[in-house]
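Numbered as in the working numbering, the sequence shown ends at 576 without a single skipped number.
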Amino acid sequence: MDSLTQRMPFVTAFYRALGTGMVISVDSPIGDESRSAMESLIEDYERVLSRFRNNSLTATIGKAEHGGSFDFPDWCAPLFDLYDALFSATSGAIDPCVGEDLIRLGYDASMSFTVTQDAPEHLGALRGRATWGQDVERHGTTLVTRGPVQLDFGACGKGYLVDLLGRMLRSTQFVIDAGGDLLIHAEQPISIALEDPEDSSRAIGVAHIVNGALCASAPSRRHWNVAVNERTQIAIHHLLNAIDGLPAQQTEASWAYIPANATLNLARDYPAAVADGLATALFVSDATQLQRTFDFAYATLNESRQIAASRNFPAELFLRSA
């Protein structure tokens, strides 16, 4: 079988997009006008949704002492719909208001990686942090708050941008790779190594995707250590359970797959966003519980190096099953 480079030889890269970069491989060139439109979309996206930009709309909500009414662009509606669904399906474990917890744990706009002294008393919905269901009133794409709310759309945001960019492509075949989030439209299967979170040079399996989205999540590339005392350090990462505000501990990595022929509207129209959100949700919620709302295939790797996977997950797996 021909390599990806042979099948899709035209490559366009956006190296700074969402902090991780994106690479688009296509079977026909992306013109200057189309690339410029994509760059504009990425800039608009970050200006609205990035909590790492001081001038973003999301950052403004976090600084609004008395809250307010905030009008988001119309293209945010499906993203908010997805967060509504994930918040409900996980009983609040996935919640964009987790941004406050991330900041307290050191994953702030300056990436200080320093835990605030008051974090133990304030982390999570259990300790009174604002929640998407109670403290953010939604009217379409208008969000109303009564005080400062630190929102983080990272659970689904990268996948959603991938979907929006995919809609702009006119190529018959393409692969959008956004640092672990993949949207694929191909005539023959594309083989993708499933990275071992303990060693990026190894794979724990190989997926074979023709049309659909495959998204991965793991703390291995985004974690930091915090000193408890002179002798003890604890490891912290960005995949939090929004209920208690603490990093998930039992899962090492997850993969979620949404086929291009998905039947549910959100998954069919925004497969990468849904797969991205579910890959995160698998850290804080049971797959069976998620499948009551979403139709998807998955694999997870636990802390004992055992894999659990749905029967329809399109991959060869090399480790023993849980």
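Cβ coordinates follow ideal geometry from the N, Cα and C atoms, glycine included.
| Query | Result |
| --- | --- |
| Classify Ala267 as buried or exposed, calling it buried when 16 or more other Cβ atoms lie within 10 Å of its own Cβ. | exposed |
| With distance defined between alpha-carbon atoms, name the residue in Thr505, Gly499, Val416 and Ala291 nearest to Ala467. | Val416 |
| Return the first residue and the last residue of the alpha helix (DSSP H) that His376 is part of. | Ala373 to His376 |
| Examine the Cβ distances between the region 321-335 and the region 298-308 and report whether three or more of them are shorter than 8 Å. | yes |
| Near Arg424, which residues of its chain fall below 8 Å by C-beta distance, leaving aside the five closest residues on each side in sequence? | Ser282 and Ser288 |
| Quick one, which of Phe567, Gln545, Phe550 and Leu573 has its alpha-carbon nearest Ser558's? | Leu573 |
| Among Cys351, Leu336 and Met262, which one has its Cα closest to the Cα of Arg305? | Cys351 |
| Report the rounded CA-to-CA distance for Gly387 versus Gly360, giving the unit in angstroms. | 25 Å |
| Shortest alpha-carbon distance to Arg421 belongs to which of Pro263, Asp349 and Ala291? | Ala291 |
| Measure the alpha-carbon distance for Ala516 versus Ala343 and round it to whole angstroms. | 18 Å |
| Run through the region 529-566 for me and flag every whole beta strand (DSSP E) of 3 or more residues, listed as ranges in chain order. | 551-556 and 561-563 |
| Quickly, what does DSSP pair Asn495 with across the bridge? List them, please. | Leu500 |
| How should Ser323 be labelled, buried or exposed, when 16 other C-beta atoms within 10 angstroms of its C-beta is the threshold for buried? | exposed |
| On the criterion of 16 or more Cβ atoms from any shown chain inside 10 Å, does His393 qualify as buried, or is it exposed? | exposed |
| Any idea what DSSP makes of Trp509, helix, strand or coil? | strand |
| If you reduce the DSSP assignment to three classes, tell me which class Glu300 lands in. | helix |
| I'd like the list of long-range same chain contacts for Pro443, defined as Cβ closer than 6 Å, with 5 residues on each side in sequence excluded. | His462 and Val464 |
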